[in-house]
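Those letters in the sequence shown? Residues 609 to 962, by the numbering used here.
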Amino acid sequence: MNASDIRFFNWKTPQFINMPEMDNKITNFLLPDERKRTPGQTLALKTCIFLYSGIFSSLVVRVKPMSITVTSKIKVGFKLGSYQAYCVAMAAAFIHYLKCRVMTVQRSKDKKMFKNTKVDLTDFTAEEKEAIRMWACCASYFRSRHNSGSGVYCSTYGSMHIYTSKEVPWKNEVEQIDTLYNPSILLVDIGVPCDQNLEEVKVEYRKAYPGLYHAACLLSSRCSVTLANIMRQVDSTINSKQNQEKITTIVAEKSKLIAKLFFLNQGLIKCLTFSHPKAQEVLEMAYSLDLRGFLVGSAQGGMVCIFIPPFCTEEAKLKELYKKANFKFTANKMGVPGVSVTMLSETSNKKHKN
């Protein structure tokens, strides 16, 4: 793929990219062996190539071969925000590298290769953060042509990122939330493999019931926005000078509202026919202990996300129920760091002769 293919846009204006054309170019660019990777690996690679080529092609900057290490503390691919977090992390890392190259601070006096082990959002100006947001939204095109943004509850760089629903991914609005309120979520694998692509199901349903589909997606998106508002309120309460007893009461009340949002989200998923009997079995166990959750992941399969409010005494009982039923599960936190680039460093050209 030549730089001339994508030189018509500036790194600050990725919204002018012809995304379908770019998708085809990147797919054709991949070597046959690379196409044999798993769908998730291919998606991550295509996203990386898109961000790399797009951000670096619009300026005359000599980019050397580089090594990138990406780590994730959340399970990738189950609509917990892992992919959005990956896009944000990669875009931020590349833009940070670009800044270093342009500012000619990438090398020390001893001529060592550029090496950066940490990229934090505090390193960027407001304009640069907007560019990161736009690139992340554009990159989401490779995962979903119609990104609803529901269920994006985990984070990048210690902040939650809420995507509101737009038909065109790069027009999504992204809200960053820094919070001290990090309630637990239990991710339960329902043990059912995906037998149909979620996007195909969405397209089919959208064509058959356009009005209902749009209304359900809008409500699902509002769940994310409402969740963000509740978390801000809880955070404000935690930081207030009220006595501890009152703070505990308010946090408990707000947590009940979040549980209701999880319950509502599952209702919307059932309306869109994306749920599964096994998911309902997992949810019924949670309901028996007055806990709420919803299905996340691909159609006809995936995981159930159970909300565990602060001060909950039923978590151990629920885990025991799942163990007896042979359901595998993991515990995570809402609003904790998710995906990050832990290493971006230049490498020797000798390693890249081919």
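For glycine and all other residues, C-beta sits at the position ideal for the given N, C-alpha and C.
Coarse secondary structure for residue i, derived from DSSP in three states
i	result
Asp797	strand
Thr938	strand
Arg900	strand
Met768	Bear in mind that the predicted position of Met768 carries a pLDDT of just 48, short of 50, making it unreliable; the figure below should be weighed with that in mind. In this structure, Met768 counts as strand in the three-state DSSP scheme.
Ile625	coil
Glu954	strand
Cys913	strand
Thr650	helix
Thr733	coil
Thr655	helix
Val671	coil
Ser883	coil
Thr677	strand
Val949	strand
8 Å contact criterion, which residue i and residue j should meet: CB distance rounded
i	j	result
Ala697	Trp743	Actually they are not in contact, since the Cβ atoms of Ala697 and Trp743 sit about 11 Å apart, beyond 8 Å.
Ile855	Thr845	6 Å
Ala824	Leu876	5 Å
Phe935	Asp797	7 Å
Asn847	Met942	Wrong, their Cβ atoms sit about 18 Å apart, outside the cutoff.
Phe919	Ala836	Phe919 to Ala836, Cβ: 22 Å. No contact.
Ile740	Phe750	In fact, because the Cβ distance is near 17 Å, the residues do not count as touching under 8 Å.
Arg645	Leu639	At roughly 10 Å, the Cβ-Cβ gap does not stay under 8 Å, so Arg645 and Leu639 are not in contact.
Spatial neighbours of residue i in its chain, beta-carbon cut-off 8 Å, leaving aside the 5 residues before and after
i	result
Lys864	Pro917
Glu922	Leu897, Asp898 and Leu899
Ala747	Thr655, Phe658, Leu659, Cys695, Met698 and Ala699
Arg827	The residue asked about is misnamed: residue 827 is Leu in this sequence, not Arg. Hits under 8 Å: Leu872 and Leu876.
Sequence-distant residues of the same chain with beta carbon closer than 7 Å to residue i, five excluded per side
i	result
Ala601	Because the chain spans 609 through 962 in this model, residue 601 falls outside it and cannot be assessed.
Glu736	Ile703
Asn626	none
Val842	Tyr789, Val859 and Lys862
Lys849	none
Lys925	Leu897
Ala894	Arg900, Gly901, Ile914 and Leu926
Arg814	Tyr821
Ala734	none
Gln852	none
Leu929	Met893
Same chain, Cβ closer than 6 Å to residue i, neighbours up to 5 away in sequence not counted
i	result
Ser675	Ser953 and Thr955
Lys672	Glu954
Val678	Val949
Ala933	none
Lys931	none
Within-8 Å CB hit, residue i to chain B
i	result
Phe658	The question asks about chain B, but that chain is absent: this structure has only one protein chain.
Residue i beta carbon near the ligand FAD (any heavy atom closer than 7 Å)
i	result
Asp843	This structure does not include the ligand FAD; it has no bound ligands of any sort.
Do three or more CB pairs link the region 811 to 820 to the region 890 to 906 at distances below 8 Å? no
Continuous alpha helix (DSSP H) assignments of at least 4 residues falling wholly in the region 809 to 871: 818 to 846
Per the contact definition of three or more C-beta pairs closer than 8 Å, is the region 701 to 709 in contact with the region 656 to 665? yes
Does the pairing of the region 865 to 875 with the region 892 to 904 give three or more beta-carbon distances under 8 Å? yes
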